[in-house]
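Okay, structure first, notes after.
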Amino acid sequence: MAMTKGRQREMLESVYSCIAVFFIFVACVELCDAATVVDVYRLIQYDISGVPFGSRLARLNHHVAYSPFIPGADLSRAVVIIPIREVNITFLRECITQKKALGGLLLLLPQKFNSESKDDSKEGGQMYKKEGMQNILTELEKLLINAAIPYPVYFAFEDEKIDAILAEVKKKDAIGQSPTATTGGYKAVTANPEPRKLAPATITNIQGWLPGLRTDGDANQLPTIAIVASYDTFGAAPALSVGSDSNGSGVVALLEIARLFSRLYSNPKTRGRYNILFGLTSGGPYNYNGTMKWLRSLDQRVRESIDYAICLNSIGSWNNELWVHVSKPPENAYIKQVFESFSSVAEELGVQVGLKHKKINISNPRVAWEHEQFSRVRVTALTLSELSAAPGLLESTGSLFDSRQFVNDTAVRRSVKLVAESLGRHIYAHPGKNIEIFADGSSLAINPFYIKSWLNFLSQTPRVAPFLSKNEQFISALKKELADHTVEVNVQQDVLDGIFTFYDSTTARLTIYQVPFFYMLSQGLYIYPIIQ
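Going from the sequence shown to the working numbering is simple: count from 1 and add 9.
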């Protein structure tokens, strides 16, 4: 039967209504979408001998909630957002150990921790309740990197928009209203793919020489003193692991010491009768794997010429005391000589230097300090550090707290002064004498602007080895800088040994928007059935 004109008109009106509603819906999505878009940084994902650790997923597409501890709340499809300052470590530990189902976790860091923050802060880290925040972050990172977490975990920095969204979410949580498609709220979405295994990491070591002065007819090889610092990092969020103190401060001190002695060694009249070998090593967080490979690659005659090595580690956040860590007995001639020289200069600077002796266990492949890799090849070495005890494996090597705001330029300058003066007095045979070689105001003075600029550069450069390319820009910058002050600069690349497997997808863009259905209802845009 032919369709009547009235029926046709009714059908057309229905189609037009559907089209109109579709465009209204799209308009609402446009109005509601992207309440804010933020950069987020995923918790590291890695395996040790096949055992999983860290965040095992990356993609988010869930409603936003504030507290994971609402009694009876089903948050298996919710992204829980918590500012770091409000984190209850005990509850979070229970949440992880009891395998409470979450859709995801987003932890908000203070804006002061952002390397791109324009906020001024006091030198030396006297801000933002340093001790309390450091304790929270230390516990939090230790918890997160040592657990296998079956949902995405991200970090982001606080800002006004995300704070406003969180305030609204808190109000709903306070009345026990869990976020769902019917109650409305906000939704958090990332578009990044799920993580994939990375190829074995490449580690890059850089070395440079300042050759000593040979006298005519001297057939013997000159003795060598090595200055070494490991430059890479490891942290809960690889994309934020800049390690300003550990071990950016050690790297900067090495570069400044190389610059100072290059001025002396550039003139035959002031060139010492010692070779100085500078080494920037990789693989520090992974049992100083790069240091081991570098030492093994050295010519045996070079290795045997090393009187002693000074390893610089975390020297940018101390007040009055540094520690000399050794494996050989304190009675060892070189250890005794270096420590006495350090102590003499420290007294002149008004600071203290302590000595810590810990024998290495040859049967245990784990090393606590970089100098222990030297001890394993029978080279006398020590580590100078503000740390009185060695950190555990993968700890204190570029944590979330280890940012530029908490490194004291003065501490780095005093560390350089201590090492350079002690080294100079030994090389030029002025032990124990109150002779200032690198005096302020002289042509050999320590350059505070040089130290500051390199600290700033490294504090904006994440340096987690598995995520670095062979041609990484900052490695090229380190090589060029060392080449400006030393000769025979050499780069050694090798594969990171061991038991570690890492995964990609370390960063993402997170979009938080209001649920469109909730938004339309709140605006009175009701949708009625239009086709019977």
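Just so you know, even glycine gets a beta-carbon here, dropped at the ideal spot from N, CA and C.
Counting the other Cβ atoms within 10 Å of the Cβ of F458 gives fewer than 16, which makes it exposed. Residue burial annotation: V178 is buried, with at least 16 other C-beta atoms found within 10 angstroms of its C-beta. Residues S336 of the same chain have their beta carbon placed closer than 7 Å to that of K368, with the five preceding and five following residues left out of the count. Taking 4 residues as the shortest admissible run, the stretch 436-506 contains the following complete alpha helix (DSSP H) segments, listed from N- to C-terminal end: 457-467, 482-494. Rounded to whole angstroms, the separation of the alpha carbons of R375 and Y274 is 37 Å. Of the candidates L222, K196, A318, G112, A318 places its Cα closest to the Cα of V347. Taking 8 Å as the upper bound for CB-CB distance, A262 and V421 are in contact here, some 6 Å apart. For L464, the closest C-alpha among the options D411, L149, E356 is that of D411. The beta carbon of P247 sits closer than 7 Å to the beta carbons of I53, P471, V473, F476, T515 from its chain, once the five residues preceding and following it are set aside; these are given in chain order.
R423 has no beta-bridge partner at all, per DSSP. Rounded to whole angstroms, the separation of the alpha carbons of T279 and L231 is 16 Å. Residue nearest to K461 within the set T224, A245, T419 is T419 (criterion: CA-CA distance). Collapsing the DSSP output to three states places L269 in a helix. Distances from the CA of F466 to each of K365, G292, V251 were compared; the closest alpha carbon is that of V251.
Between V162 and the set L153, A390, K170, the nearest pair of CA atoms involves L153. Beta-bridge annotation (DSSP): I93 is not paired with any residue.
Scanning its chain for C-beta atoms nearer than 7 Å, with the 5 sequence neighbours on each side dropped, one finds around A390 the residues Y317, A318, C320, H380, F383, S384, in chain order. Nearest to L69 by alpha-carbon distance, out of P61, Y55, S85, is S85.
Taking C-beta atoms as the reference points, G281 and S239 fail to come closer than 7 Å. In this chain, the beta strand (DSSP E) harbouring F166 covers 162-166. For L116, the closest alpha carbon among the candidates T106, R65, I171 is that of I171.
With respect to L304, V386 sits close: the two C-beta atoms are nearer than 7 Å.
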